[in-house]
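Asker:
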Amino acid sequence: MKNNCACGSALPYHACCSSLHLGHAVAACAENLMRSRYCAFIHHKIDYLVLTHSIETRDSISFSDIKSWNDSCQWLALNVVNVISGDKETSVEFVAWYKQDGHLKFHHELSTFKKQFLDNDFKQSLQMDVLAAQVWFYHSANYPTSTVTMPKRNDHCICGSGIKFKKCCAK
Ligand SMILES: [Zn+2]
Ligand SMILES: [Zn+2]
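Heads up: the sequence shown begins at 123 in my numbering, then just goes up one per residue.
#1: When DSSP labels each residue in this structure, what does LEU253 get in the three-state scheme?
#2: In its own chain, which residues sit with a C-beta less than 6 angstroms from the C-beta of ALA128, not counting the 5 before and 5 after it?
#3: Run the CB neighbour count on MET156, radius 10 Å, all protein chains shown included, and call it buried at 16 or more, exposed below.
#4: With DSSP as the reference, identify every bridge partner of GLN246, one or two as the case may be.
#5: Rounded to whole angstroms, what is the Cα-Cα separation between ILE280 and SER268?
#6: Should ILE285 be labelled buried (16 or more other beta-carbon atoms within 10 Å of its own) or exposed?
#7: Given a threshold of 16 other Cβ atoms within 10 Å of its Cβ, counted over all protein chains shown, does ARG275 qualify as buried or as exposed?
#8: Output the boundary residues of the alpha helix (DSSP H) element that contains VAL172.
#9: Between CYS349 and ligand 1, is there a pair consisting of the residue's CB and a ligand heavy atom that are separated by less than 6 angstroms?
#10: To which residues of the same chain is HIS230 closer than 6 angstroms at the C-beta, ignoring the five residues directly before and after it?
#11: Does the distance between the C-beta of CYS195 and the nearest non-hydrogen atom of ligand 2 fall short of 6 angstroms?
#12: What does the shell around ligand 2 hold, if a residue joins when its beta-carbon is under 5 angstroms from any heavy atom?
#13: Using a beta-carbon distance below 7 angstroms, is LYS289 in contact with chain C?
#14: Check each candidate in GLN222, ILE183 and LYS236 and name the one with the smallest Cα separation from LYS210.
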């Protein structure tokens with residue numbers, strides 16, 4: 123479990139999201155992109171987070187803001203709640219758990235992903251030729267009214283380790 127890629131696959135990072143982060147592959151579907159973006163926070167691949175942000179909304183984010191926020195976070199777990207797939211647009215609802223200043227927090231988001239034409243910045247970052255004209259991009263976020271609750275000390279840990287929270291991520 124510990125050696126598996128943080129995106130939730132059964133593969134190690136070097137055989138999984140690393141190829142996306144290094145531009146040797148593009149995400150096959152929106153959920154794949156979402157998981158690889160979570161993993162990019164953990165591996166500090168801020169460039170990847172910027173490049174996979176839709177050109178339509180990329181101006182709304184900044185490399186330095188993402189970097190400084192991410193540097194203050196310790197990521198613990200990703201829980202994909204729901205995926206509503208479409209040909210051009212897909213919604214992915216997820217809960218990402220992290221610690222900041224010693225406090226357990228969660229980020230509950232309903233993300234919209236869109237299939238769009240490759241822009242030049244993203245194209246130039248790739249170490250491969252993409253045959254498909256369009257690829258998946260992260261487009262925008264909505265924040266659902268969350269019913270997620272903080273784990274109690276004796277609950278199963280939020281990271282899925284199977285052991286009690288107090289003996290796992292609470293430490
Ligand atoms: Zn992965
Ligand atoms: Zn845990």
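The beta-carbon is built from N, C-alpha and C at its ideal position, and this holds for glycine as well.
None of these values were measured; they are calculated from a predicted model.
Answerer: So, to answer that:
#1: Residue state, collapsed to three classes: coil.
#2: Beyond the five residues adjoining it in sequence on each side, ALA128 comes within less than 6 angstroms, by CB distance, of CYS161 and ILE164 in the same chain, given in chain order.
#3: That one is buried.
#4: According to DSSP, GLN246 bridges with nothing at all.
#5: Inter-residue distance for ILE280 and SER268 is about 16 angstroms (C-alpha atoms, whole angstroms).
#6: Counting Cβ neighbours within 10 Å, ILE285 comes out exposed, since fewer than 16 surround it.
#7: By the 16-neighbour rule on beta-carbons within 10 angstroms, ARG275 is exposed.
#8: Residues 168-173.
#9: There is no way to answer for residue 349, as the model of the chain reaches only from 123 to 293.
#10: So the list reads VAL217, SER268 and VAL270, once near-sequence residues are dropped.
#11: In this structure, CYS195 has its beta carbon at no less than 6 angstroms from each heavy atom of ligand 2.
#12: That query returns the following residues: CYS279, CYS281, SER283, CYS290 and CYS291.
#13: You won't find chain C in this structure, because it holds only one protein chain.
#14: Nearest to LYS210 by alpha-carbon distance, out of GLN222, ILE183 and LYS236, is LYS236.
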